[in-house]
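Novice:
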Amino acid sequence: MALVFYFILLISLQTFSVVAQPRNGSVPVGSSLTASEDDVEPWLSPSGDFAFGFKEIQDRFVLAIWYAKIPEQTIVWYPQTYPTVSRGSKVELTSGRGLVLSDPQGVEVWNTSSSISDVAYGFMNDTGNFVIVGSNSSNNWESFDYPADTMLPTQVLERGGVINAKLSQTNFSKGRFQLKFLQEGNIILLMRDIAFDYVFAPYFENKTEDPTNSSNSASQLIFDATGYMYILRPNGQRSDFSGKNTALSSEQYYYRATLDYDGVFGLYYHPKNPTGDTSWQDIWFEPEKLCSRVGRSISENNCTKSCKEDCFCVVAIYNNNTCWKKQFPLLNGRKGRTEVAKALVKYRKSDLQRIPTKIQVEKKDQNTLIAIISTLLGSSLLVNAVLVGLICVGFFMNYRKKASYDYPSSNVVKTNLHHFTYQDLVEATNVFKEELGRGAFGIVYKGVIGTNIVAVKKLDRVFDDSEKEFQAEVNAIARTHHKNLVQLLGYCDEGTHRLLVYEYMSNGALASFLFGDGKPSWKQRCCIAVGIAKGLSYLHEECINQIIHCDIKPQNILLDDYYNAKISDFGLAKLLMMNESRTNTGIRGTKGYVAPEWFRNTPVTVKVDVYSFGVLLLEIISCRKSVKQIESGVEYGSILTDWAWDCYQERILGTFVENDLEAIEDYKKLTTFVMVGLWCVQENPSQRPTMRKVIQMLEGVIEVSEPPCPCPFSITSS
């Protein structure tokens, strides 16, 4: 009997030794944690300040690191690619993969890195940094290198680093706001469109780039152990990033810097030994208000006038002699609890008062109206409802200066664009001083309207074809709105002058980016390709009037500040009414991108754009031009589509991408993209996929079947 009791006791002790979690910070290989409502002890740091494990959030679980000794148990890290899991999920420290997170069915959903090997142990540091240590005693992986929404003391953010806010207090998916440390040295706060992962202009920028010496731009954002954040330059120079409270000792207080879900980046402190009802308090935050102040000591009339005279202003908020002007997109608003203000919403007058052949425009009658709505900003739903209603009915329309001139009997349709005088654009471009590029019908110049940089396209030849181009561009673009299309802001058709005003694309044309000295990353190229496909799909299938672009090429793809692709130059577009599917027209397009049916004097369809996209896709994949200059007897690779087919057939796609390691490591996607490109350049238009299907294939939604030879007539039998 005693022997049996001893045996049971031995088994119990062994079982306890397996489930008990390390208390000295060290985590042996093979250790695991399970997401459960039971009291599963997390992996603690030596002091117990930090814990690694599962936190239950609204019937889901977050794999996280948190402050373990304070009542809030504030989460400071979590894997952003798979933030929440179901009950029964498990994380394990493995010798060959590092941390591996699996769902209740045992399917792996996240790991620290597939390249990790020879793991010796894990360690939960008192800094809040979980590290995976290799057999050579070096750190193979650190949570500090992959921040979520929070930085901790001793953590460093390098150039290229990103911090993402949560979607809400309890939703750990990536939210609307990001902090980015740009490669050129600036740190910015920006907002993104969650649905399309599209980023908007920054609402905060610390301007730590050194324009005179790029090698001395800011290189690190350092959060030191005392709770102070500063910028470090390569020459050792420091500059403040956050405020600092010297009265708060790091021995008595915890610190964290968090990008909150409302877009504010703040530095917070919390007593280590709280007494009574204590919580995190802020030391510093940026920006002070997302709705930044643009005018003080200003009357309501002047606020109204200022918004009227700013063609980019769509709404102004007036409160206590202070004026805030807003422009699209209206996504930065947030609830204010106590402020009472007026929302001044700009909308256009009725289209019934249209411009006759010759008129005198009276400012009193033609000025854009301002709707004044008194409201409590805390009830922000009312403001949003009114804004959305007015914007949907009217969008924002042009403030027209007092003018008198002849208008041609234009076929330009009624649009919601700003109408500029020729003198407006002469002044905006400094008499057309800085040229951005040239096209078949005109030159594009850089201009400034208010505080906004714009691109002004001046049609330099006035004859039938350019008149048609002008009308086509205005009619087509005014009805389009998509994140992958360049936005048309306004136009001028005064006398013989024909000009178009576009949003400015700071990174220029895709051609320069693709065929320049430095090859863009594979990931960048994939995102650009999918973006172009989405823009074309919109033109083909989602516009009121179907649009054939007719000249898709890298020179007509522009890149914004964040290298998002946008289709430009609708001058060669051919509008198709919804009840038409084919149209006859002269040959349009550029050598190397023109579909075969253009040369057969047969009706063309949207499939001509699909063909051009296929050629462009192969260029994006290979970073080579579609028609390569033949060098001293070397013809191989002179026609990109032929070479792509040969490389695909011979299974040497590594040669096609010139041994681009990043692309080769992503071989499945590389093969998929090449196959899609080959389908798009099929000789027979009916064999080419629609752009909607192209997107599905590129994103892996549907399988891609084996493409046939794109030029079957070039094959001879032996």
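Residues -20 to -1, 1 to 698 (mature numbering (1 follows the signal peptide of the UniProt record, and there is no 0)) are what the sequence shown spells out, left to right.
C-beta: ideal position from N, C-alpha, C; glycine also.
When DSSP labels each residue in this structure, what does Gln158 get in the three-state scheme?
Specialist: Residue state, collapsed to three classes: strand.
Novice: Do Cys303 and Ile278 come within 8 angstroms of each other at the CB atom, strictly closer than that value?
Specialist: The answer is yes: Cβ separation under 8 angstroms.
Novice: Quick one: what does DSSP say Val244 is sitting in, helix, strand or coil?
Specialist: Three-state result, Val244: coil.
Novice: Label Gln163 either buried or exposed according to how many other C-beta atoms from any shown protein chain fall within 10 Å of its C-beta, with 16 as the threshold for buried.
Specialist: Exposed.
Novice: I believe Glu599 touches Leu519 by the beta-carbon criterion, under 8 angstroms. Please report the beta-carbon distance rounded to the nearest angstrom.
Specialist: Glu599 to Leu519, Cβ: 20 angstroms. No contact.
Novice: Please classify Phe579 as buried or exposed, where buried requires at least 16 neighbouring CB atoms within 10 angstroms.
Specialist: When all chains shown are included, Phe579 counts as exposed.
Novice: Excluding the 5 residues flanking Leu247 on each side, which residues of the same chain have their C-beta closer than 6 angstroms to its C-beta?
Specialist: Within the same chain, Leu247 has close Cβ partners Ser222, Ala237, Ile263, Trp264.
Novice: Answer with buried or exposed for Glu21, where buried requires no fewer than 16 other C-beta atoms within 10 angstroms of its C-beta.
Specialist: Flag for Glu21 reads exposed.
Novice: Where Asp210 and Trp260 are concerned, what is the direct C-alpha to C-alpha distance, given to the nearest angstrom?
Specialist: For the sequence presented, residue 210 should be read as Tyr rather than Asp. Approximately 21 angstroms, taken between the alpha carbons.
Novice: Hey, Thr515 and His462: beta-carbon distance below 8 angstroms or not?
Specialist: For the record, residue 515 in the displayed sequence is Gly; it is not Thr. For Gly515 and His462, yes; Cβs fall inside 8 angstroms.
Novice: Which residues does DSSP list as the beta-bridge partners of Met104?
Specialist: Its beta-bridge partners are Phe110.
Novice: Between the region 70 to 80 and the region 7 to 14, do at least 3 Cβ pairs fall closer than 8 angstroms?
Specialist: Cβ pair count under 8 angstroms is three or more, so yes.
Novice: Got a sec? Which residues, its chain only, sit under 6 angstroms from Lys499 by beta carbon, not counting five neighbours each side?
Specialist: Counting only Cβ-Cβ distances below 6 angstroms, and skipping sequence neighbours, we find Cys603.
Novice: Among all the DSSP beta bridges, which residues are the ones paired with Gln200?
Specialist: Gln200 is bridged to Glu138, Leu212.
Novice: With a 10 Å radius around its C-beta and 16 neighbouring C-beta atoms as the bar for buried, classify Pro690 as buried or exposed.
Specialist: It is buried - the Cβ of Pro690 has at least 16 other Cβ atoms within 10 Å.
Novice: Give the DSSP bridge partners of Pro251, in chain order.
Specialist: Its beta-bridge partners are Tyr233.
Novice: Quick one, are the C-beta atoms of Val179 and Tyr542 less than 8 angstroms apart?
Specialist: Cβ atoms of Val179 and Tyr542: closer than 8 angstroms.
Novice: Express the C-alpha separation of Ile168 and Asp39 in angstroms, rounding to a whole number.
Specialist: Answer to the nearest angstrom: the Cα atoms are 35 angstroms apart.
Novice: Is it the case that the Cβ atoms of Asn196 and Pro214 are separated by a distance below 8 angstroms?
Specialist: A contact, by the Cβ cut-off of 8 angstroms.
Novice: In three-state DSSP terms, what is Phe376?
Specialist: At Phe376, the pLDDT of 37 sits below 50, so the modelled position is not reliable and the matter cannot be decided from this model.
Novice: Under a three-way DSSP split, which group does Asp220 fall into?
Specialist: If DSSP states are grouped into helix, strand and coil, Asp220 belongs with the strands.
Novice: Looking only at its chain, what residues have a beta carbon closer than 6 angstroms to the beta carbon of Thr134, apart from the 5 residues adjacent to it on each side?
Specialist: Once the five neighbours on either side are set aside, the close Cβ partners of Thr134 are Thr107, Ala205.
Novice: Short of 8 angstroms in beta carbon distance, which residues of its chain neighbour Ser16, apart from the five on each side in sequence? Order them along the chain.
Specialist: Counting only Cβ-Cβ distances below 8 angstroms, and skipping sequence neighbours, we find Phe34, Arg67, Gly68.
Novice: Pairs of beta-carbons, one from the region 626 to 639 and one from the region 664 to 682, closer than 8 angstroms: are there three or more?
Specialist: No: fewer than three Cβ pairs fall under 8 angstroms.
Novice: Which residues share a DSSP beta bridge with Asp262?
Specialist: Asp262 is bridged to Tyr248.
Novice: Could you check the C-alpha separation between Leu361 and Leu633 for me, to the nearest Å?
Specialist: The predicted position of Leu361 is uncertain, since its pLDDT is 43 and thus under 50; no value can be drawn from it.
Novice: Would you mind sorting Glu414 into buried or exposed? The rule is 16 or more other CB atoms within 10 Å of its CB.
Specialist: The residue in question, Glu414, is exposed, as its Cβ has fewer than 16 Cβ neighbours within 10 Å.
Novice: I need the straight-line Cα distance from Ile644 to Thr635, nearest angstrom please.
Specialist: Answer to the nearest angstrom: the Cα atoms are 10 angstroms apart.
Novice: For Thr621 and Val586, which I take to be in contact (beta-carbon distance under 8 angstroms), what is that distance rounded to the nearest angstrom?
Specialist: Their Cβ separation, rounded to whole angstroms, is 19 angstroms, which puts Thr621 and Val586 out of contact at 8 angstroms.
Novice: So, using beta-carbon positions, are Lys306 and Val295 closer together than 8 angstroms?
Specialist: Closer than 8 angstroms, so yes.
Novice: When we look at the beta-carbon of Lys503 and count the other beta-carbons within 10 Å, is it buried (16 or more) or exposed?
Specialist: The residue in question, Lys503, is exposed, as its Cβ has fewer than 16 Cβ neighbours within 10 Å.
Novice: Just verifying my parser: in three-state terms, what is the DSSP assignment at Ser12?
Specialist: Three-state result, Ser12: strand.
Novice: So what does DSSP say about Tyr183, is it helix, strand or coil?
Specialist: Note: Tyr183 maps to coil in three-state DSSP.
Novice: Where do the N-terminal and C-terminal ends of the beta strand (DSSP E) with Ser82 fall, by residue?
Specialist: Its beta strand (DSSP E) spans residues 78 to 82.
Novice: Can you look up Ile675 in the DSSP assignment and give me helix, strand or coil?
Specialist: It is helical.
Novice: In the structure shown, what three-state DSSP assignment does Arg580 receive?
Specialist: The answer is helix: DSSP assigns Arg580 an H, G or I state.
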